[in-house]
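Read through the structure below, which is laid out as structure tokens, and then see the notes.
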Amino acid sequence: MRHVSRVSAGGRVVIPAEFRKALGIKTGDEVLVEMEDGALKLMTTEAARKWAQDLVCRLVPPGVSLADELIRERREEAARE
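In my numbering, the protein residues as written are 416 to 496.
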């Protein structure tokens, strides 16, 4: 889907109604705006959260609990003190 919008005073751009509906964006919702390769990218906070979780999941080996790792490290530090 594509739509042409005009930039108004204060840099405001209207997100077309069909886009807001498809993304579940309602008045007052926060969105993440990112610039990447000369383009603006707009994500719902839910989509941004999911993207971040997916990134972490790709970096953490299966079966590893980051919470358990943190607890282990903190206990080791406490034992050294």
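Quick reminder that beta carbons are idealized off the backbone N, C-alpha and C, glycines included. Predicted, not measured: the structure shown is a model, and the values here were computed from it.
*Out of curiosity, what's the CA-to-CA distance linking valine 446 and alanine 494?*
44 Å
*Is DSSP giving arginine 427 helix, strand or coil here?*
strand
*Over what stretch of residues does the beta strand (DSSP E) that includes valine 448 continue unbroken?*
446-451
*Out of curiosity, what's the CA-to-CA distance linking proline 476 and arginine 421?*
46 Å
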